[in-house]
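**Q** Questions regarding the structure given below will be posed in turn.
2 protein chains.
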Amino acid sequence: MSEGAVATYIPELAKADPDWFGLSLVTTGGEIYEVGDSRQSFTIQSISKPFVYGLALEDNTRAEVLTKLGVEPTGDAFNAISLEAGTGRPRNPMINAGAIAAAGMVEGKTPIAQFQRILRTLSLYAGRELSLDESVYRSESETGHRNRAIGHMLRNFNILTVPPEPIADVYFKQCSISVNCRDLGLMAATLANGGINPVTMKQAIRGEYVESVLSVMASCGMYDYAGEWLYRIGMPAKSGVAGGIIAVLPGQLGIGIFSPRLDPRGNSVRGIKICDALSRDLNLHLFNTPHTSLSVIRVRFSGAEVNSSRRRTVQEARVLREAGGSIQVYQLQGNLVFSTAEVLVRDVLRNVRNMDYLILDLKRILGINESACGLFHELLLKLSAQRKLMIFTGVKRHPGLRRYMKAKLASSFDREFSTFEEYDAALEWCENQLLNTKFPEVAAEREREATPESYELFQGLLPEEIQLVTNRLQRRSFRAGEVLIQTGAEAREVFFLSNGFAVATVTLADGGQKRLGVFSPGMSFGEIALLDGAPRSACVLADTDVACDILTLEDFENLGATHPRIKIVLLKNMALGLARLLRKANREMSLFY
Amino acid sequence: MSEGAVATYIPELAKADPDWFGLSLVTTGGEIYEVGDSRQSFTIQSISKPFVYGLALEDNTRAEVLTKLGVEPTGDAFNAISLEAGTGRPRNPMINAGAIAAAGMVEGKTPIAQFQRILRTLSLYAGRELSLDESVYRSESETGHRNRAIGHMLRNFNILTVPPEPIADVYFKQCSISVNCRDLGLMAATLANGGINPVTMKQAIRGEYVESVLSVMASCGMYDYAGEWLYRIGMPAKSGVAGGIIAVLPGQLGIGIFSPRLDPRGNSVRGIKICDALSRDLNLHLFNTPHTSLSVIRVRFSGAEVNSSRRRTVQEARVLREAGGSIQVYQLQGNLVFSTAEVLVRDVLRNVRNMDYLILDLKRILGINESACGLFHELLLKLSAQRKLMIFTGVKRHPGLRRYMKAKLASSFDREFSTFEEYDAALEWCENQLLNTKFPEVAAEREREATPESYELFQGLLPEEIQLVTNRLQRRSFRAGEVLIQTGAEAREVFFLSNGFAVATVTLADGGQKRLGVFSPGMSFGEIALLDGAPRSACVLADTDVACDILTLEDFENLGATHPRIKIVLLKNMALGLARLLRKANREMSLFY
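Taken in sequence, the protein lines are chains D and S.
Letter 197 of the first sequence, counting from 1, is numbered 197 in the working numbering, and no numbers are missing.
Letter 34 of the second sequence, counting from 1, is numbered 34 in the working numbering, and no numbers are missing.
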């Protein structure tokens, strides 16, 4: 392919090898793909314009920028002066007049400081120190009469309010910054990634300005080819006369291309063809967007289907199975934006009638924008008015939600904004609330001191058998926080909880503690290790002050010899308890996978 | 707000109440939000243009359409003639000249048939029968001299090759179709939803043309305000002189607005202000896109972390724990497009070294586009060259993947494209392959006939105790497919599998069968029901021809009385087996939640 010609209007550019070709594709995940002459240096030229426009937005109010610089495509060629009749406002920042106006709006006490700021920022986009190509700069400067003329026209209309030639000089320099294809791919990917370079993770432009930069690229980036470009390729893009092109697929990837042969519009011939092919082959068109809102709900279940890890008595389990539908848990995933939050809110409102507790688990949410916060706030008010409770879990990574709610809820924030770090703790809390308010007699049971007659493992024993075992039990008390069972310890005893609550935990790889379950009076723990003699697999702590009856392994074995029926009943109860837990685990598992 | 004026150039439009205001927002999930005069009828006017352009694309080749009709914004006003110098090609389909050219390209033997096709299609977009407003049509027709002039100019340049006045008449009619705000919202949402009306689920335009329609709306839809519109509001849009506007956020939602006061450009004044506010408040700007690619992997695990539901012997379980890392399972979610598939492929390649089996579960995938199919195909070739196996599960809803692979793999399709409907079956198959090839001695065990000495529940019994139990066992044989245990039946016996394989299943709500697990020789099943006397909770079938030893509940109870030690050992083994299953379930569960 040898269509098109290398730019010659700046003598230095004419030295490029017309056959150079480089391509890089960089994902917002930070993966870099390169082919061809992707490390060949060339000057950035007009591709600097969107980035400098971003700086103008950062360094001025939006109103100031819009007053001096339009955003309408012109349908004219790249070097057209295109000033608006009357005001002298350049039609957009992608034509030279607009780019020079934008350069004038970059912060800096002197033109040198302004250029330094531009160079520093472009380096942040590229993720490495960029530098000026002195010989191209001299060439640009020596031949840049038209751009100096534009500068004076801008001064004439007070778009520039300082001497125009030093600003034209800043513009010559920004066009002469040396880059390669890989740099362009990274710069494009930084725009795709909300302004953060996906490799260095450094911010090159504040996220709020990215949409404006991409908008002018989409409508004006390819000069009088912008409409066809958007139609065919469907990505905001910008070309430069040295043969570079960047294209951005927001949220997904950036592309950098280098091929010096240009068409009469000043766009790289091969660059356009490659982008066209890439867009078609990889389905990159901006408006070829799959409908993803529905997948925001990862899983939804009720407190009747899934229980917290807290060990429940048979009574409690039965009540939760019957009335747990009033607790609804949504585990969410992906990004919460208006359309995904709307899907969630709709679903909640469809199910709201029998709901008293709503748990929204954000653990797998990547981001929440303000409109989603707004919908949550409205939902919270709606539920609160009906005396229904809304609880967020996994909010630690989303400080924006807390800030938003604090601002909106003001004095009622502490009362209305309920959060738990773990969904399991929230579910346990809701279950307890439900039991306490609707089934006080069942709930009270849990607070009551248990006696051997009511120990779960003893069910089915005759009174004299209970007496026999009781004689071998040793009473022990623990203060809240004390360790009952240590992970890794030898298993020598089974614990019957008489009073208070105990909690089993394991230490996670990251050093954190995960609660495996809470035991109430009447339950036992530590019995599995008695069967296989394996060391303790979890730690058990006193959650409150606790009183336990303890049966040693030795007594347990002896009982088997002298009173086998007792041992048979205990083993049968153990197996039944395990079977119940297994059935529950399998039922819950089928919801999640 | 009373800026702007009702259009008067068509006398009938001047009758509109300038204070009418309606808004509708329709999500791609099919939810409709409306406020104000959203059911007030008005004529669609220029908002018909993108839809008729879609018809022109459907009814002609793309090359034909592009030859007669450009896609470049003009920067000119809505009624500018804007024909390209030389060719006479209208610059884009959103100006009147382009719209009349598009109307001429709609299929139909007569202009009446052409209009019928337009009306039928717009009705599909709106989800109800639309009709013509006869009085506006007469008014348009009586005053449409400029548009007739355009028609003759198009005929002059052979853009129209038929008498132009009947085509101008089709155009007058399409502009006079009566709609309300709700219709517009649904029409916009249909474009947002890939051409399918999200309420009726009927297709109004083939998905492949939607991106083209949205592209011309984005670059040319708001006339000479298109650049600022994209900059501020960031959604492809189209306005009409009766005061309507549609705006589309691809994949997410459509907006319909009605307010008759127009600005000098012919756009609804209030419509633009409301869209601006909506876009800002709901963060709807197209280029304000969160980075979502990473969430494509819902969960990843290895065959060492999670096993199939097949019950494994202690030996098998140990081997899988040690070597199961060579099986990698990815459960995917959301949409597979280039950038999400890329994230997956990268992750697979990072983990490929010790991988022999790769299972990709698509059960929760909403859609796969061609570029994702392409990446999967390349990955498959890469793995296949290394003699690694790639298996897809949950592919039933994605016939496109099968078609793509069939076309690409051609004669090797049957050999290379492996699928299972359920991931669990694929995992079981991989485990068996792994055992058969790497641990033949462990695998062989499974095929061997078990004797009472090797029954898992009998481990720890003395030889004479085994003899005692064995005397009570009854031998029974079953043909493959025969029922051993029926769901709901009374539990009267425990089964010891001596030869062959048995499978436990439950019937799902939808009538399907779910496999709970496969048993091999030496294992027992049906024992839980002996403990609590509950009816059978699952069905067990002979997976192959099967031989079992059966112990009745009566004999089991009697053994407890005469030989308590036997019963104790059996119960202990039962409890240990359950504890192992529970620990496995809890471990796996923590991966999924």
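Cβ atoms here follow ideal geometry from the backbone N, Cα and C, with glycine treated the same way.
Keep in mind the model is a prediction, meaning the values are calculated, not measured.
#1: Considering only residues of the same chain and omitting the five flanking positions on each side of S:Ile150, which have a CB-CB separation below 7 Å?
#2: Using the Cβ count rule (16 or more neighbours within 10 Å means buried), how would you classify D:Pro399?
#3: Can you pull out the residues from the stretch 513-538 of chain S whose beta carbon lies closer than 9 Å to at least one beta carbon of chain D?
#4: Roughly how many whole angstroms lie between the Cα atoms of S:Val503 and D:Asp183?
#5: Quick one: residues in its chain with C-beta nearer than 7 Å to the C-beta of D:Glu422, no 5 flanking neighbours on either side, listed in chain order?
#6: Which chain D residues sit within Cβ distance under 7 Å of S:Pro163?
#7: Skipping 5 residues on each side, what residues in its chain have a beta carbon closer than 7 Å to that of D:Pro250?
#8: Using CA coordinates, which residue listed in D:Thr419, D:Asn288, D:Val337, D:Leu360 is at the minimum distance from D:Phe301?
#9: Terminal residues of the continuous beta strand (DSSP E) containing D:Phe258?
#10: For S:Phe157, I'd like the list of residues in its chain whose CB is within less than 8 Å of its CB, leaving aside the five on either flank, ordered along the chain.
#11: Given this structure, state the Cα-to-Cα distance separating S:Ala444 from D:Asp510, to the nearest angstrom.
#12: Using 8 Å for Cβ pairs, my map puts S:Phe495 next to S:Ile550. What's the rounded Cβ distance?
#13: Could you tell me the alpha carbon to alpha carbon distance between D:Gly374 and D:Gly517, rounded to whole angstroms?
#14: If you run the structure through DSSP and keep just helix, strand and coil, what is S:Tyr223?
#15: Can you find a C-beta in chain D that's less than 8 Å from the C-beta of S:Ala218?
#16: How far does the beta strand (DSSP E) with S:Tyr33 in it reach, from first residue to last?
#17: Give me the chain D residues within the contact set of S:Ile47, using Cβ-Cβ distance strictly less than 8 Å, ordered along the chain.
#18: Reducing DSSP to helix, strand and coil, say where D:Thr507 ends up.
#19: For a quick check, are the C-beta atoms of D:Cys181 and D:Gly256 less than 8 Å apart?
#20: Please list, in chain order, the chain S residues whose beta carbon lies closer than 8 Å to that of D:Asn369.
#21: May I ask you to list the residues that DSSP assigns as paired with S:Leu249?
#22: Of all Cβ atoms in chain D, is any one closer than 8 Å to the Cβ of S:Gln333?
#23: List, in chain order, every chain S residue whose beta-carbon is nearer than 7 Å to that of D:Val337.
#24: Any beta-carbon of chain S closer than 8 Å to the one on D:Pro73?
#25: Taking the C-alpha atoms as reference points, what is the distance between S:Asn544 and S:Val314?
#26: In the DSSP output, what is S:Ser453 paired with across the bridge?
#27: From what residue to what residue does the alpha helix (DSSP H) around S:Arg318 run?
#28: Counting beta carbon pairs with one atom in the stretch 471-486 of chain S and one in the stretch 423-443 of chain S, are three or more of them shorter than 8 Å?
#29: Could you tell me which uninterrupted alpha helix (DSSP H) segments, each at least 4 residues in length, are contained entirely in the stretch 518-589 of chain S, listed from first to last along the chain?
#30: In this structure, what does DSSP give as the bridge partners for S:Arg261?
#31: Out of S:Ser48, S:Phe417, S:Lys109, which has the shortest C-alpha to C-alpha gap to S:Pro93?
#32: So what does DSSP say about S:Gly88, is it helix, strand or coil?
#33: Below 8 Å on the Cβ atoms is my guess for S:Leu230 versus S:Ala218; work out the distance and round it to an integer in Å.
#34: Kindly indicate which three-state DSSP category S:Lys438 falls into: helix, strand or coil?
#35: Name the chain S residues that come within less than 8 Å of D:Arg476, Cβ to Cβ?
#36: Of all the residues that make up the stretch 243-260 of chain S, which are near chain D by a beta-carbon distance shorter than 9 Å?
**A** Per the coordinate set shown:
#1: Stepping through the second sequence from its first residue, residue 150 of chain S is reached at position 150. Around S:Ile150: Ile81, Asn96, Ala97, Ile100.
#2: Counting from 1 along the first sequence, the entry for residue 399 of chain D is found at position 399. D:Pro399 is exposed by the Cβ-count criterion.
#3: Lys514, Leu516, Glu527, Ile528, Leu531, Asp532, Ser537
#4: For this step, residue 503 of chain S is matched to residue 503 along the second sequence. For this step, residue 183 of chain D is matched to residue 183 along the first sequence. If you take the alpha carbons of S:Val503 and D:Asp183, they lie about 58 Å apart.
#5: For the purposes of this step, residue 422 of chain D is identified with residue 422 of the first sequence, where counting begins at 1. Here D:Glu422 has Thr393 as same chain residues with Cβ atoms under 7 Å from its own Cβ, once five neighbours each way along the sequence are excluded.
#6: Locating residue 163 of chain S in the second sequence gives position 163, counting from the first residue. Chain D residues near S:Pro163: none, gap ~30 Å exceeds 7 Å.
#7: Locating residue 250 of chain D in the first sequence gives position 250, counting from the first residue. Excluding five sequence positions before and after D:Pro250, the CB atoms of its chain that fall closer than 7 Å to its own CB belong to Ala192, Leu214, given in chain order.
#8: The sequence position of residue 301 of chain D within the first sequence is 301, counting from 1. Closest in C-alpha terms to D:Phe301, from the list D:Thr419, D:Asn288, D:Val337, D:Leu360, comes D:Leu360.
#9: Locating residue 258 of chain D in the first sequence gives position 258, where the first residue counts as 1. Start and end: 253-258.
#10: For the purposes of this step, residue 157 of chain S is taken as residue 157 along the second sequence, with counting starting at 1. The residues are Leu83, Thr87, Gly88, Arg89.
#11: Here the question's residue 444 of chain S lines up with position 444 in the second sequence. Here the question's residue 510 of chain D lines up with position 510 in the first sequence. Approximately 40 Å, taken between the alpha carbons.
#12: For this step, residue 495 of chain S is matched to residue 495 along the second sequence. For this step, residue 550 of chain S is matched to residue 550 along the second sequence. Confirmed, about 6 Å.
#13: Residue numbering aside, residue 374 of chain D sits at position 374 when the first sequence is read from its first letter. Residue numbering aside, residue 517 of chain D sits at position 517 when the first sequence is read from its first letter. Near 35 Å, if we compare the C-alpha coordinates of D:Gly517 and D:Gly374.
#14: What you label residue 223 of chain S is simply residue 223 of the second sequence in a count that begins at 1. Three-state DSSP puts S:Tyr223 in a helix.
#15: Within the second sequence, residue 218 of chain S is the residue found at index 218, counting from 1. At least one chain D Cβ lies under 8 Å of S:Ala218.
#16: Within the second sequence, residue 33 of chain S is the residue found at index 33, counting from 1. Where S:Tyr33 is concerned, the enclosing beta strand (DSSP E) stretches over 32-36.
#17: On the second sequence, residue 47 of chain S is found 47 positions in, with the first residue counted as 1. Correct list: empty, because the minimum Cβ distance to chain D is about 18 Å.
#18: Counting from one through the first sequence, the residue named residue 507 of chain D turns up at place 507. If DSSP states are grouped into helix, strand and coil, D:Thr507 belongs with the strands.
#19: Position 181 of the first sequence, counted from the start, is the residue given in the question as residue 181 of chain D. Position 256 of the first sequence, counted from the start, is the residue given in the question as residue 256 of chain D. Taking 8 Å as the Cβ cut-off, D:Cys181 and D:Gly256 qualify as a contacting pair.
#20: For the purposes of this step, residue 369 of chain D is taken as the residue at position 369 of the first sequence. Simply Asn283, Asn288, Pro290.
#21: Position 249 of the second sequence, counting from 1, holds the residue named residue 249 of chain S. S:Leu249 pairs with S:Leu253.
#22: Reading the second sequence from its first residue, position 333 is the one you call residue 333 of chain S. Chain D contact via Cβ: present.
#23: Counting from one through the first sequence, the residue named residue 337 of chain D turns up at place 337. Under the 7 Å cutoff, chain S gives Asn283, Pro290.
#24: Looking up residue 73 of chain D in the first sequence gives position 73. Yes, D:Pro73 lies at the interface with chain S (some Cβ there is under 8 Å from its Cβ).
#25: Counting from one through the second sequence, the residue named residue 544 of chain S turns up at place 544. Counting from one through the second sequence, the residue named residue 314 of chain S turns up at place 314. Checking the sequence, you will find Thr at residue 544 of chain S rather than Asn. Distance from the CA atom of S:Thr544 to the CA atom of S:Val314, rounded to whole angstroms, is 22 Å.
#26: The sequence position of residue 453 of chain S within the second sequence is 453, counting from 1. According to the sequence displayed, residue 453 of chain S carries Glu and not Ser. According to DSSP, which records beta bridges pairwise, S:Glu453 is partnered with nothing at all.
#27: Mapped onto the second sequence, residue 318 of chain S falls at position 318. Where S:Arg318 is concerned, the enclosing alpha helix (DSSP H) stretches over 314-323.
#28: no
#29: 528-532, 553-562
#30: Here residue 261 of chain S corresponds to residue number 261 of the second sequence, with the count starting at 1. BP columns for S:Arg261 point to S:Val6.
#31: For the purposes of this step, residue 93 of chain S is taken as the residue at position 93 of the second sequence. Out of S:Ser48, S:Phe417, S:Lys109, S:Ser48 has the C-alpha closest to the C-alpha of S:Pro93.
#32: Residue numbering aside, residue 88 of chain S sits at position 88 when the second sequence is read from its first letter. Of the three classes helix, strand and coil, the one that applies to S:Gly88 here is coil, per DSSP.
#33: Translated into the one-based positions of the second sequence, residue 230 of chain S becomes position 230. Translated into the one-based positions of the second sequence, residue 218 of chain S becomes position 218. That pair is a contact at about 6 Å.
#34: Taking the first residue of the second sequence as position 1, residue 438 of chain S is located at position 438. Helix.
#35: As a working mapping, residue 476 of chain D is identified with position 476 in the first sequence. The contacting residues do not exist; D:Arg476 stays about 25 Å from chain S at best.
#36: Val248, Leu249, Pro250, Gly251, Gln252, Leu253
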